[in-house]
Amino acid sequence: MSTDTSKCPPTIVACAVRLRLPYTLHYHGHLSTQNTPSCPSTSAGVVANSPEIQPPWEPSSLGHKLDVLLEAIEKNWTSLENKIDNVAADLTLLHVDQHKLVDKVHTAEQTLAELQLRSQKMEPSLRTLENRVHALESRAEDVEGRSRRNNDCIVSLPVGTEGQDAVAYVEH
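The numbering of the sequence shown is this note's numbering, which starts it at 2 and goes up by one.
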């Protein structure tokens, strides 16, 4: 005998399986303690054969399950609140650190802009000074060369024989 699972609402099947209810509901909402062809997907491990198990919607069973569920929700809620508080504190610290970094970057950008401006102002002076140094080196080299060409070298003359006036000694 083949059974049609499309007759059973998926939400009822999902809830029954998720909550591990000891009874199943037929499509029409009737309580069943036996496997039924109208909703076979709930019969595997969900249908109870024991008559002493109360249905979950009985007042004593339902109240207990709701208390347990409420307690679990409150515990999770408290845990989530603590975690959210920790994340909020971490975000605050990150926000403060971000502002410090933004300030440092802003200061570095200002310093860089000032240095670039000074560098641009110094470039023409630097070129002028480089040209002047090159010209002075050329002049110094030229003067050195001329100075060597106009010097006479006297060899084999004992030191001190010229006296006070070396030019007068050489002229005589």
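Glycine residues also receive a C-beta, built at the ideal position from the N, C-alpha and C atoms.
Going by beta carbons, Tyr170 and Gly164 fall inside the 8 Å limit. Here the alpha carbon of Glu82 sits roughly 55 Å from the alpha carbon of Arg119. The three-state secondary structure of His173, taken from DSSP, is coil. Within the region 70 to 132, not a single complete beta strand (DSSP E) segment reaches 3 residues in length. Between the alpha carbons of Arg150 and His173 lies a distance of about 23 Å.
Per the coordinates, the alpha-carbon of Glu131 lies some 12 Å from the alpha-carbon of Met123. For the pair Trp78 and Asn87, the Cα-to-Cα distance works out to about 14 Å.
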